[in-house]
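Colleague: Numbering (this note's numbering), first residue to last: 1 to 430.
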C-alpha cells in the first residue's frame, strides 16, 4: 500500500529460482532474502564443514513458490541477497522511492558457479560416484556440470578440463570389485578422501549415492574412517546417502536408524541382496522396485503442490532396495547445558516391497492407504542433526533414470538437499 509506505522508502519483489539446462525455471521453496546498505556488502560465507554461521541477518523467508517481497527499504542502491542451502547471490539493486520494484530474474537466480567477487557462492560438493544412483545427472540438469544430449552428466567434457567449468563439484571414484565396473572414471579415490580429514572437512556436502555395498563395507570397518565421518558431520558437514550406501549411515550412526534385520536376529542387518543375477537385471533397468511414498512435512507438500506434482504429498519412487524398520531416539549433549533427545525426522514413508524378515524381493502392489491401515508403512527418507551438521538417508535412488525433466523423487531429494544445506543456528554440541 503506497499510502502506508514511509517517505523515501520502496519495496522490492521477485522469485528465487534455479535456471535449468533447458532455460526453464525451478522455484526454490522458502528462500532466505535480505538487504543491506551499499557500504556494507555481506561477507563471504564460511565454506566447508563449519559451525560458523556468521552474523545471521534479519531476513525474510520467501514462500513455497520462491516469491518474496521486502518492504520499506531506503530508496537508492542496496545489496540484495537471495540464499538457500549454501547457494547465494549478492546483487546491487536500485530501490525506487514510493514504488514496488519487480526484480529481474538475473537478480534472484541462485548461482551454479563459485565466483564470490561477482556475488556468486555455491557449496563445495564431493560425490562418491555410485554405480546405481548417478546423482551427478541431477546436478547436470541444474547446470552444475556438463550435460550430454541424453541428459546424463558428461564425464568426458568434465574430465578433459574440470577447472574450465568453474565448479565446486568434485567426483570421487569409490573402491569396486573389478567385475562390477561399468564405467571407468578418471577421479581421485573416495576411500582416500575419507582417510584425510583436512580434505574431507573442506566440503559442505558429502554425497554417497547408491553403490554396491562392497564399495563401503571394507572401508567402514576402519574405526578411523567412521570417526572422520562422525567428526565431519559434528563440525557442520552434511552427509547424504541413498539405498545401498546405507553403510555410511549405519556404521557411523548405528543408533539412529534400524535397518531391516531378518526374523530371529537382533540389531541392524546387512540389508543388501545376495541374488547377483537379480541385481544384474535391476542394474540394467530390466527390473525396478517402485513404491508409493507420502511426504510428511507440510512445507514439502506445499512445494510439491506448487510444482503440480501432488496436492496430498504422494510421490511415486523407484530404485528402492533397502528397508528400514524404524528409528531410534538418542540422547545428545548439549544445548544450553541440557541433554537433548534426538529422533530422526521421517520425511517420506510408504509400503516396503522387500520383505525385511525374509529377504524376498518384489514390488509391493499395496497402496499407501492400504499399507497404512495394516501398519505396514515404513520410513523411506529420513534426516537427523548431529552436532552442527546433518545426515540424510533415502532408501530410494535420487536419479533412477535420466530424462528431460526432473522426476518427482529427484525433486523431493533436491528440496531436502537445500534444506539440510542451511547453517544450523541452534546445534546440539557434541
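For every residue, glycine included, the Cβ atom is placed at its ideal position computed from N, Cα and C. In this text the structure is predicted, and so the values were computed from the model without any measurement.
Please list, in chain order, all residues of the same chain as residue 96 whose beta carbon is under 6 Å from its beta carbon, the five residues on each side excluded.
Modeller: So the qualifying residues of the chain are 10.
Colleague: Threshold first: 3 residues or longer. Then list the beta strand (DSSP E) segments lying entirely within the region 111-162, N to C.
Modeller: Correct list: 125-128.
Colleague: Can you confirm whether the region 144-164 touches the region 397-410 when touching is taken to mean that 3 or more C-beta pairs between the two stretches lie within less than 8 Å?
Modeller: These segments touch.
Colleague: Would you give the residue range spanned by the alpha helix (DSSP H) that residue 228 belongs to?
Modeller: Residues 223-234.
Colleague: Identify every residue that forms a DSSP beta bridge with residue 70.
Modeller: Its beta-bridge partners are 12.
Colleague: Beta-carbon within less than 6 Å of residue 265's beta-carbon, same chain only, minus the 5 sequence neighbours each way: which residues are those?
Modeller: Caution is warranted here: a pLDDT of 31 is assigned to residue 265, below 50, making its placement in the model unreliable, and the coordinate value is therefore given only provisionally. Around residue 265: no qualifying Cβ.
Colleague: For residue 391 and residue 112, what's the separation of their Cα atoms in angstroms?
Modeller: When rounded, the distance between both Cα atoms is 23 Å.
Colleague: Determine, for residue 97, whether the minimum Cβ-Cβ distance to residues of chain C falls below 8 Å.
Modeller: Structure shown: chain C not included; a single protein chain is present.
Colleague: Thinking just about the alpha-carbon of each residue, which of 92, 203 and 195 is nearest to the one in residue 219?
Modeller: Of the listed residues, the one whose Cα sits closest to residue 219 is 195.
Colleague: Report buried or exposed for residue 423, applying the criterion of at least 16 other Cβ atoms within 10 angstroms of its Cβ.
Modeller: Under this definition residue 423 is a buried residue.
Colleague: Give a yes or no on whether the C-beta atoms belonging to residue 208 and residue 240 are separated by under 8 Å.
Modeller: For residue 208 and residue 240, yes; Cβs fall inside 8 Å.
Colleague: Where residue 162 and residue 124 are concerned, what is the direct C-alpha to C-alpha distance, given to the nearest angstrom?
Modeller: The alpha-carbon atoms of residue 162 and residue 124 are separated by roughly 14 Å.
Colleague: Let me know the secondary structure DSSP gives residue 340 once reduced to three states.
Modeller: In this structure, residue 340 counts as strand in the three-state DSSP scheme.
Colleague: Can you check DSSP and say which residues form a bridge with residue 76?
Modeller: According to DSSP, which records beta bridges pairwise, residue 76 is partnered with 95.
Colleague: Below 8 Å between beta carbons: does that hold for residue 327 and residue 295?
Modeller: Going by C-beta atoms, residue 327 is not nearer than 8 Å to residue 295.
Colleague: Roughly how many angstroms separate the alpha carbons of residue 225 and residue 231, rounded to a whole number?
Modeller: Approximately 10 Å, taken between the alpha carbons.
Colleague: Going by C-alpha to C-alpha distance, which of 21, 51, 32 and 67 sits closest to residue 90?
Modeller: That would be 32, whose Cα lies nearest to the Cα of residue 90.
Colleague: From this set, 322, 380 and 384, which residue's C-alpha is nearest residue 345's C-alpha?
Modeller: Comparing Cα-Cα distances from residue 345 to each of 322, 380 and 384, the minimum goes to 384.
Colleague: Roughly how many angstroms separate the alpha carbons of residue 253 and residue 190, rounded to a whole number?
Modeller: Distance between the alpha carbons of residue 253 and residue 190: 20 Å.
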